[in-house]
Each structure stands twice: as structure tokens, then as C-alpha cells.
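Residue numbers (our numbering): 105 to 423.
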């Protein structure tokens with residue numbers, strides 16, 4: 105089993121990461137940990153998650169979710185973006201944080217213990233998993249099934265139990281765990297200049313329409329509203345979304361809070377990955393500021409959230 109880094113080694117790694125900045129990555133791609141512009145992370149916001157595998161007392165983790173489809177949809181929303189990740193379990197939540205292979209985007213998940221029907225975690229434990237493999241097993245669960253996750257300290261597998269609502273069918277599977285050497289990065293609170301709340305289905309439709317015409321989209325937040333623009337070989341396209349905070353259904357409302365106009369350009373490929381979380385809720389929240397990653401957040405009812413961070417594309421003429 106891979107040795108966990110010491111506290112001093114973790115701090116040294118954090119300091120190294122915090123010294124990196126945004127900029128252009130490989131082949132001109134934006135790199136969330138590249139070489140120019142602003143810090144995403146700050147040494148004042150670091151936090152570490154240290155599983156206590158060395159202790160002799162067995163650690164038990166068990167979480168039961170009556171709405172099992174939420175967990176299915178959650179893994180579906182990240183498995184095409186992230187290959188491997190850790191599920192970090194504590195007494196108050198389970199969380200996932202991982203970057204894509206290109207270091208262009210980051211995904212952060214938090215599910216509060218109170219959102220589960222039963223939740224037990226004796227001590228912090230980190231469960232490394234392959235997202236695609238977990239997704240394959242979760243396909244064996246029905247959308248109405250109750251899902252229970254179980255793990256023990258020093259164990260090499262995560263047990264997933266699927267139970268039909270009336271209890272006449274119970275299936276259990278074991279997913280082999282992995283030793284993943286990763287750091288949980290502290291993400292500082294940011295005062296974003298523009299925040300947009302809109303229906304998640306509408307956001308998904310806009311991104312899909314944009315992809316027909318090009319590879320990148322510009323999102324502009326002004327007093328007029330939020331404009332999504334694309335330009336490619338086939339032509340150009342624009343979608344303007346105006347504020348509508350009086351709609352009868354809260355999920356259909358569009359609410360825009362703006363301190364100053366913001367205009368950023370992003371790779372549509374990644375925005376399309378993010379829209380896989382649409383099924384988790386009816387609302388998406390976009391938080392933007394100049395030259396820093398956009399945050400695309402999907403609230404998961406009262407249980408938690410999934411947040412995606414995407415570095416903007418940087419115009420070489422501006423460097």
C-alpha cells in the first residue's frame with residue numbers, strides 16, 4: 105500500500121502548488137495551474153485530508169441514500185471528466201475533489217451527512233476509485249433503488265448495495281479501491297463580480313447549440329443580461345438571456361447580480377462536460393470575475409452540490 109505523505113511533505117506540496125498561476129497549458133490550452141494571471145489557490149486557504157490508516161481500531165464508513173439515483177447521476181456527471189479520484193469521508197460529509205488530465209478544470213463535490221438517511225463515519229477515510237468503473241457498477245442500480253455504501257479501514261473494496269423500494273430485490277457489488285496520491289486543494293472564497301442563476305436545462309441547451317458552430321464560447325454579463333456568443337467556420341451565434349426573477353416556478357427564474365461587466369471565453373468541450381450534471385437539479389449558478397476561473401455550480405437539493413471550475417482562455421495578444 106502506498107505510504108501517505110507526512111504533514112511536512114503535504115505542506116511543501118501545497119506551497120509548491122500555491123506558487124503556480126493561470127495561463128496557457130499544453131498546445132495553447134488554458135491551464136488552471138499554468139503560468140500567468142491570478143492565483144486560484146492561496147496558502148492561506150490550504151486544507152489537508154489525512155486518512156488515519158495507521159491506527160489499529162477498525163474504521164467503519166456506511167452511508168444510505170433512499171434517493172439512490174442522486175449518487176448515480178453524480179458519478180455520471182464527473183466520470184467523463186475525471187478518470188480517478190478519492191471519496192473523502194468524514195463525520196459530517198463525503199467529498200470529492202479532482203482535476204481533469206489537462207489541468208484545465210477542477211470538480212468539487214460535497215454531500216452533507218444530514219442529506220443521507222443513515223450516515224456513519226468513525227474516522228476520516230479516503231477511498232480511491234476509478235470513475236468509469238464505478239459508473240459501470242452503478243448502471244446495475246435502478247433509478248428508484250436505495251443505495252448503501254460501505255467501507256472498512258484497511259479494506260481494499262467499496263461495497264455498494266442496491267435495494268428496491270419494496271425490498272424484494274437486494275444486490276451488492278464490490279468495487280476495488282485504488283491508492284491515489286492526491287492533495288485536496290483549498291479553494292479560497294472569492295468576491296465574484298457577476299453571478300447568474302438560471303434553469304440548468306436552458307444552460308445545457310445553449311451550450312449544445314453553441315457547439316454546432318464552434319469550439320469556444322464567450323460569456324458576457326452586462327446590464328442587458330447574459331450573452332452567450334460563438335464564432336466558427338460555419339458562422340456565428342448569439343443567445344441573450346435576460347433577468348426574469350418573477351417566474352412562478354423558482355427553477356425557471358433567471359437572476360443576475362452584477363458589480364461590473366465581465367466577459368470571458370471558455371472551451372465549449374468542458375462546458376458540455378459540466379452540463380452532464382443537469383439531471384441533479386433544475387438550477388445552475390455561474391460565478392464570474394475577470395481573469396479567474398468560472399464556477400459552474402449545480403445545487404443538489406438540501407444535500408450538497410457539485411461545482412466545476414474552468415480556467416478562461418487567454419488571448420495571446422493580451423499577454
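For every residue, glycine included, the Cβ atom is placed at its ideal position computed from N, Cα and C. Predicted, not measured: the structure shown is a model, and the values here were computed from it.
Check	Outcome
With which residues is residue 213 paired in a DSSP beta bridge?	200, 410
Mapping the DSSP letters down to three states, classify residue 241 as helix, strand or coil.	helix
Rank 241, 232, 297 by C-alpha distance to the C-alpha of residue 281 and give the top, closest one.	232
Can you give the beta carbon distance from residue 308 to residue 387, rounded, assuming they're within the 8 angstroms contact cut?	Actually they do not touch by this definition, with Cβ atoms about 12 angstroms apart.
What residues match up with residue 301 in a beta bridge as DSSP calls it?	359, 389
Roughly how many angstroms separate the alpha carbons of residue 410 and residue 329, rounded to a whole number?	25 angstroms
Using only CA atoms, which one of 203, 188, 249 lies nearest to residue 176?	249
I need the straight-line Cα distance from residue 201 to residue 318, nearest angstrom please.	29 angstroms
To the nearest angstrom, how far is the alpha carbon of residue 413 from that of residue 401?	9 angstroms
The beta strand (DSSP E) with residue 296 in it runs from where to where?	From DSSP, residue 296 is part of no beta strand (DSSP E); its letter is neither H nor E.
Does the beta-carbon of residue 269 have 16 or more other beta-carbons within 10 angstroms, so that it is buried, or is it exposed?	exposed
Would you call residue 191 buried or exposed, if buried means 16 or more other Cβ atoms sit within 10 Å of its Cβ?	buried
From residue 234 to residue 188, what does the alpha carbon distance come to, in whole angstroms?	5 angstroms
If I'm right that residue 224 touches residue 196 with Cβ under 8 angstroms, what's the distance once you round it to whole angstroms?	Not really, about 12 angstroms apart at Cβ, beyond 8 angstroms.
Can you tell me which of the three DSSP states residue 173 falls into?	helix
So what's residue 183 in DSSP terms, helix, strand or just coil?	coil
From which residue to which residue does the alpha helix (DSSP H) around residue 377 run?	372-378
When you compare the CB positions of residue 393 and residue 294, do they come within less than 9 angstroms of one another, or not?	yes
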